[in-house]
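Visitor: Going down the list, the protein sequences come from chains A and B.
Under the numbering used here, the first residue of the first sequence is numbered 131, with each subsequent residue one higher.
Under the numbering used here, the first residue of the second sequence is numbered 11, with each subsequent residue one higher.
Backbone N, C-alpha and C fix where the C-beta goes; we use that ideal spot for every residue, glycine too.
Sharing a structure here in structure tokens format.
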Amino acid sequence: MYLLKYGWSSITRNAWRNRQELISAGLTSRRDLMKLGLLTSAGYLIAKHGLSSRVANAKDMESPATRAFVDPLPIMPIKRPLANGANDLFPRPTIEPNNAGGEGRTRRHQAFVNYPGKFPFPPQKVYEIRQREALVYVSPDLPRQRLWGFDGMVPGPTYHALYGEQVLVRNRNELPANNGGFGIQQVTTHLHNAHTPSESDGFPFDFFPNPRKPAIANAKFYDQHYPNVLAGFASTHPPDGDINESLATLWYHDHRVAFTAQNVYKGLAGFYLLFNQYDTGDETRGFRLPGVRNSSDFYANVQYDIPLFLTDQLFNESTGQLFFDLFERDGILGDKFLVNGKIQPYLTVKPRRYRFRILDGGPSRFYQLFLTDKAANTSIPFWQIATDGNLLPRPIKVTSTVISVAARMDIVIDFRRWAGKTLYLENRLRQDDGRGPEANVGRSGSLVAPGKGNFILQFRVDTGAVVDNSIDFETNPNVQFYALPARETPRVKRKFRFERENGLWAINDKFFPEDDTTVNFRVKQNTAEQWSFEQEEDEWMHPIHVHLEEHQMLTRNGVVIGPGNVEYSRMDINRLQHNELNIIFMRFRDFEGRYPIHCHNTLHEDHAMMLRFDIDQTGDTRREP
Amino acid sequence: MSKIARRTWLAMAGAAPLGAAQAQAAGEKYAWPHVSARETIRKRYFPDMLLRTHEDKSVRLYEDLIKDKFVTINFMYINCIDGTCPVTTHNLTLVQEILKERVGRDIFMYSITLDPEHDTPDLLNRYARSYHVGPGWLFLRAEPEDTEMLRRKLGFYDRNPAVDAKKSSHAAMLRYGDEPRQLWSMTNAMIAPRTVADIILSAADLPGPSRPGWKRVAS
Chain A
131 MYLLKYGWSS ITRNAWRNRQ ELISAGLTSR RDLMKLGLLT SAGYLIAKHG LSSRVANAKD
191 MESPATRAFV DPLPIMPIKR PLANGANDLF PRPTIEPNNA GGEGRTRRHQ AFVNYPGKFP
251 FPPQKVYEIR QREALVYVSP DLPRQRLWGF DGMVPGPTYH ALYGEQVLVR NRNELPANNG
311 GFGIQQVTTH LHNAHTPSES DGFPFDFFPN PRKPAIANAK FYDQHYPNVL AGFASTHPPD
371 GDINESLATL WYHDHRVAFT AQNVYKGLAG FYLLFNQYDT GDETRGFRLP GVRNSSDFYA
431 NVQYDIPLFL TDQLFNESTG QLFFDLFERD GILGDKFLVN GKIQPYLTVK PRRYRFRILD
491 GGPSRFYQLF LTDKAANTSI PFWQIATDGN LLPRPIKVTS TVISVAARMD IVIDFRRWAG
551 KTLYLENRLR QDDGRGPEAN VGRSGSLVAP GKGNFILQFR VDTGAVVDNS IDFETNPNVQ
611 FYALPARETP RVKRKFRFER ENGLWAINDK FFPEDDTTVN FRVKQNTAEQ WSFEQEEDEW
671 MHPIHVHLEE HQMLTRNGVV IGPGNVEYSR MDINRLQHNE LNIIFMRFRD FEGRYPIHCH
731 NTLHEDHAMM LRFDIDQTGD TRREP
Chain B
11 MSKIARRTWL AMAGAAPLGA AQAQAAGEKY AWPHVSARET IRKRYFPDML LRTHEDKSVR
71 LYEDLIKDKF VTINFMYINC IDGTCPVTTH NLTLVQEILK ERVGRDIFMY SITLDPEHDT
131 PDLLNRYARS YHVGPGWLFL RAEPEDTEML RRKLGFYDRN PAVDAKKSSH AAMLRYGDEP
191 RQLWSMTNAM IAPRTVADII LSAADLPGPS RPGWKRVAS
């Protein structure tokens, strides 16, 4: 091993980093090096000032070299509820906001008031989570990072929730005074994309503490009520909701207006998994998706069912600390790929089926992921079972999956045939800066060649026999999950135009916020609407997110979305590509109050690409709100 | 709320995430240099340059305008015929009215010309007077090549060269930031002045350590 200490010249350090870069990039042949201009004709390696820019297309800054596949993939622990429920909270939770007691909520919990029979107060399951400093290592080749995380972890702990079992989460803001360079100590947590009452949904202006609102100027906590209930329970499908609206893979993240990108990049995010009688986490019951539970502990990780939190980040070349480009607006790309908080980790798997719940944690990168056998230079097919955490009508065999910022894709990989092999999750989507991928998905030029993409995660497949009770889609091709929910005639059709304006981003010529009281449009509770998203520019891609319910996509640029297409599904992120017009079907049921629609490239979101809509009893019919 | 003395706070903000000695103690094989986040930000975004105010004083960008302050920064130019700059400037005068005496005490407003060839300190002075700009708000001119570098450093540029060439496309954005606390973001300068003020103050009055001149003001 190299002995590194003070006194190294920058040339020596760069040479060492170059070598690490070459190894991690798999560039060891003389031909590769010549091609990249890194080898002189005399055969000497040129001591470039780092090679990442050539390898990863970074811009003016590049991360220090790190070795790939030396750390095992971390698995986030499951968050445990308080032993005595609400009795363990001080002060006790209340339906009205407890501002005097230090709460940052400003509106009462609507569900306990409107549906007391369904949601007795307080809920039995109560959590307390703290947003605080997280001191973590992302790589053995980088210094300890000073980040922010829920319970001091990055990503935060994973929640296990059950449909029909409401929970209350007390979120404590204990972020340190010194932000270490970026991030703001005000938070509003969004559970993306649960069917959540407005006051618990993490609206961007509901952050705390907020010196502009005297009652919460020094607030320390915020109670969020997650009913874990199916959409339609108080409207179209009483009393339990529409089973076909079941959600599975959700995530929670900060949503503070104008600072979401910084706060989420800094680590304020984690997974939230919802189970029910079909999607059980137990491969012997229900849909029999891969997963083995600890039978005596609901709050233990499910074996063979693994959340993968993808982020791409940039680290300061000289200090090795996570770097956020404060004055960038177009989007931020990293040249390091992290999974569950580690740079390019490996995962040892058994030769059996696994479910992976893949999240694009942003801020601005889109992925098209392939399962690559590097040695044979082939792509291995796998099964996509969900979009944005919602099970498809049936599994679809694919050779790649596209993930937009904030989207989730659940896939099943069968490692049986690959015992003893090493495989990789490889991103081949071409994206050179934060504006979005270079070309629309599927178009020529959108992908880099096989084997030339970003190797994000390494799978080391064990040998030997292993039990696998999960369903095999190869031999059960007709398996069905949930049908797409029936659609009704929309009450109103609305148009949303996404564009660059005055150096920022606008929706229908409007910037968020216009005024702190402006409601851009009003939706009538328990009705359906048809929305079109359009973009006439070819510079940007916008992952559009609408809060409260999942949408069904009707057409992408005029092409009807039908069975067999992975977008024939329920989603909460609509990938709006260059020169596109997408039409979606939306519902707004059961709850009322304010929610946002916004671009989830968090840089675009923070630079005003957002509108507010309120769900109320009358609604409006503005066609271009 | 207890207030931490300025010196203590600045020392805290200046501390490296991890001292080199600690890093080595933690078993890291390479002693990463000690650079504070504050210093990193200064080096990357605030080039050492001189500007001239509309009162014809020479000021240094970081030392005089930004260091230890909460600031708002926008770009404008006098001969801005499509109306973006006049609307922005007018809107900011309303923001200044709302912020009252805090402008010049703990919040400082800067408008930098994009057209230094034409906008002399004297013209900027007349421009400021015509908008009844109050104290604590400076109109600034840098040398042409410095102006170009500065607007790029501060993020007032567009990757599309045709859009970038149009000066007024940079004139509707307002950067705001708290230098000692390293809080930086941007808003549209043409939205309701009350909202602009609200956005600024929700960051400026965050509970915690203070800047020089900062006083917690009831909403």
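1. Does any CB atom of chain B fall closer than 7 Å to the CB of threonine 449 of chain A?
2. Thinking C-alpha only, which one of A/Ala738, A/Leu587, A/Leu360, A/Arg483 is nearest valine 200 of chain A?
3. What's the C-alpha gap between proline 603 of chain A and phenylalanine 545 of chain A?
4. Determine the chain B residues that contact glutamate 458 of chain A at a beta-carbon separation under 7 Å, and present them in chain order.
5. Check whether the region 312 to 329 of chain A touches the region 373 to 393 of chain A, counting contact only when three or more Cβ pairs, one atom from each stretch, lie closer than 8 Å.
6. What is the rounded straight-line gap between the Cα of glycine 223 of chain B and the Cα of glycine 144 of chain B?
7. On a CA-only basis, which of A/Pro755, A/Pro202, A/Asp744, A/Leu522 is nearest leucine 468 of chain A? Give me that one, please.
8. Look at asparagine 557 of chain A and leucine 499 of chain A and say whether their C-beta atoms are less than 7 Å apart.
9. With a threshold of 7 Å on Cβ separation, who are the neighbours of asparagine 424 of chain A within its own chain once the five nearest residues in sequence on each side are excluded?
10. DSSP three-state call for tryptophan 278 of chain A: helix, strand or coil?
11. Would you list the residues sitting across from leucine 634 of chain A in a DSSP beta bridge?
12. 7 Å is my cut-off, CB to CB: does methionine 86 of chain B come that close to chain A?
13. With DSSP as the reference, label serine 171 of chain A as helix, strand or coil.
14. So for glycine 416 of chain A, helix, strand or coil by DSSP?
15. Going by DSSP, name the residue or residues bridged to lysine 350 of chain A.
16. Tell me which same chain residues have a C-beta within less than 7 Å of the C-beta of asparagine 244 of chain A, skipping the five on either side of it?
17. Would you identify the three-state DSSP class for histidine 734 of chain A, choosing helix, strand or coil?
18. Hey, could you find the ends of the alpha helix (DSSP H) glutamine 106 of chain B is sitting in?
19. Rounded to whole angstroms, what is the Cα-Cα separation between leucine 444 of chain A and methionine 191 of chain A?
20. Should serine 12 of chain B be labelled buried (16 or more other beta-carbon atoms within 10 Å of its own) or exposed?
21. Distance check for valine 266 of chain A and glycine 282 of chain A, CA to CA, integer angstroms please.
22. Using three-state DSSP, classify histidine 111 of chain A as helix, strand or coil.
23. Is there a Cβ from chain B that is less than 7 Å from the Cβ of alanine 430 of chain A?
24. Helix, strand or coil, according to DSSP, for tryptophan 670 of chain A in the structure here?
25. Would you say serine 195 of chain B reaches chain A, if we count a Cβ-Cβ gap shorter than 7 Å as a contact?
26. Could you check which residue in B/Cys90, B/Arg191, B/Arg221, B/Pro203 has the C-alpha nearest to that of lysine 110 of chain B?
27. Give the single residue among A/Ser448, A/Glu447, A/Ile462 whose Cα lies nearest to the Cα of phenylalanine 454 of chain A.
28. Grab the span of the beta strand (DSSP E) containing aspartate 544 of chain A for me, first residue to last.
29. Determine the chain B residues that contact glutamate 644 of chain A at a beta-carbon separation under 8 Å, and present them in chain order.
30. If we cut at 7 Å on Cβ distances, does glycine 223 of chain B have a partner in chain A?
31. Where does threonine 50 of chain B sit, in a helix, a strand or coil, going by DSSP?
32. Identify the continuous beta strand (DSSP E) that holds asparagine 303 of chain A and give its terminal residues.
33. Answer with buried or exposed for phenylalanine 486 of chain A, where buried requires no fewer than 16 other C-beta atoms within 10 angstroms of its C-beta.
34. Using C-beta distances below 8 Å, list every residue in its chain close to threonine 142 of chain A, excluding the 5 sequence neighbours before and after it, in chain order.
35. Buried or exposed: serine 530 of chain A, going by 16 or more other Cβ atoms within 10 Å of its Cβ?
36. Could you tell me whether the Cβ of valine 105 of chain B comes closer than 7 Å to any Cβ of chain A?
Guide: The relevant details are as follows:
1. yes
2. A/Leu587
3. At residue 603 of chain A the sequence reads phenylalanine, which differs from the proline that was named. Computed Cα separation, rounded: 13 Å.
4. Gly165
5. yes
6. 18 Å
7. A/Pro202
8. yes
9. Ala430
10. strand
11. A/Glu631
12. no
13. Confidence at serine 171 of chain A is low in this model, with a pLDDT of 42, below 50, so the placement of that residue should be treated as unreliable; the coordinate-derived value is given next. Three-state DSSP puts serine 171 of chain A in coil, outside helix and strand.
14. coil
15. Answer by DSSP bridge pairing: none, since lysine 350 of chain A is not bridged.
16. none
17. helix
18. 94 to 109
19. 8 Å
20. Low confidence applies here, because serine 12 of chain B scores a pLDDT of 36, under 50, leaving its location unreliable; read the following figure in that light. The residue in question, serine 12 of chain B, is exposed, as its Cβ has fewer than 16 Cβ neighbours within 10 Å.
21. 9 Å
22. Nothing can be reported for residue 111 of chain A: it is not among the residues displayed for chain A, which extend from 131 to 755.
23. no
24. coil
25. yes
26. B/Pro203
27. A/Ile462
28. 538 to 544
29. Ile201, Ala202, Thr205
30. no
31. helix
32. 297 to 303
33. buried
34. Only weak support exists for where threonine 142 of chain A lies, its pLDDT of 42 falling under 50; the value from the coordinates is given anyway. Within the same chain, threonine 142 of chain A has no close Cβ partners at all.
35. buried
36. no
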